[in-house]
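full-length UniProt numbering numbers the first residue of the sequence shown as 1 and each following residue consecutively.
To start, the structure under review is shown below, and the notes come after it.
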Amino acid sequence: MLKEMGMDAYRFSISWSRILPRGTVQGGINLDGIRYYRNLIDTLKENGIETYVTIFHWDTPQALQDMYGGFLDRRIVDHYRDFAKVCFEYFGDKPYIFSCFSFGTGTLAPGRCSPEHDCAVPSGNSLTEPYIVGHHLLLAHAEAVHHYKKYFQGNDGHIGLALVSTGYVPYDSSSFLDKQAKERCIDYNLGWFLEPVFRGDYPFS
1 MLKEMGMDAY RFSISWSRIL PRGTVQGGIN LDGIRYYRNL IDTLKENGIE TYVTIFHWDT
61 PQALQDMYGG FLDRRIVDHY RDFAKVCFEY FGDKPYIFSC FSFGTGTLAP GRCSPEHDCA
121 VPSGNSLTEP YIVGHHLLLA HAEAVHHYKK YFQGNDGHIG LALVSTGYVP YDSSSFLDKQ
181 AKERCIDYNL GWFLEPVFRG DYPFS
């Protein structure tokens, strides 16, 4: 269908639990899941369709969520790195564009919030948990990128991070304070993740 529509690119995500049912390499690799994605990638390539692979799109393995709270715990960084390494080893032998995470904001995983907000699990803390999760996302991203560049960059692939943000304009374009407020909004929604990647630290604001 994609070929008939004239599409030349397809973006999809890999299910962590489909590859590692227990969330960890030690828990075993599901070779049926590996074959599923290999067949998908090979079929796309055979039809001239470029693959854009998102390694993780907010389906944290239930086993890791039950074990230590998923992305609220620092241990997720090592487990994500191991999962990414499996993806690179099985799927990284052809030119790809890999995205470690998609639309990270620190809220989608683990989907918690303070009781006064509307979310799936209203027993969290909206003042602290998104920052903890966001920090762990960045650490996990750094681990995966380091491994990819060290061992797989020679395959002419690319790796990065898919982010989303809202555009902002100052309420009064002649007001210095309003311009500063606009910059803070951008830092809060986008710079929070971009600046550590490009500059090695969080935004000053």
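From the three backbone atoms N, C-alpha and C, an ideal C-beta is built for every residue, glycine too.
As the structure is a computational prediction, the values presented were derived from the model and not from experiment.
Residue i - containing alpha helix (DSSP H), residue span
i    : result
L17  : Note on identity: in this sequence residue 17 is Ser, with Leu being the wrong assignment. Unbroken alpha helix (DSSP H) run through S17: W16 to I19.
F193 : W192 to F198
I76  : R75 to F91
Y68  : Q62 to Y68
Residues of its chain near residue i, where Cβ-Cβ distance is below 7 Å and the 5 sequence neighbours each way are ignored
i    : result
I76  : L64, G70, H136 and A140
P203 : D187, G191, W192 and E195
Residues near residue i by beta carbon distance below 8 Å, same chain, minus five either side
i           : result
R38         : Y90 and F91
Y10         : L2, L44, I49, E50, T51 and Y52
residue 229 : In the structure displayed, the chain extends from 1 to 205; residue 229 sits before or after that span and is not available.
S174        : none
I186        : S165 and Y168
L190        : L163 and S165
M5          : none
Y151        : F88
Delimiting residues of the beta strand (DSSP E) encompassing residue i
i   : result
T54 : E50 to F56
Residue i (DSSP reduced to helix, strand or coil)
i    : result
F103 : coil
I29  : coil
Y10  : strand
F204 : coil
K3   : coil
Near the ligand ZN: residue i beta-carbon under 6 Å from a heavy atom
i   : result
R74 : No copy of the ligand ZN appears in this structure; indeed no ligand is present at all.
Inter-residue CB distance, residue i and residue j (contact presumed, cutoff 8 Å)
i   : j   : result
I29 : I19 : 7 Å
Runs of beta strand (DSSP E) wholly within the segment 128 to 193 (minimum 3 residues, chain order): The segment 128 to 193 contains these whole beta strand (DSSP E) runs: 158 to 162.
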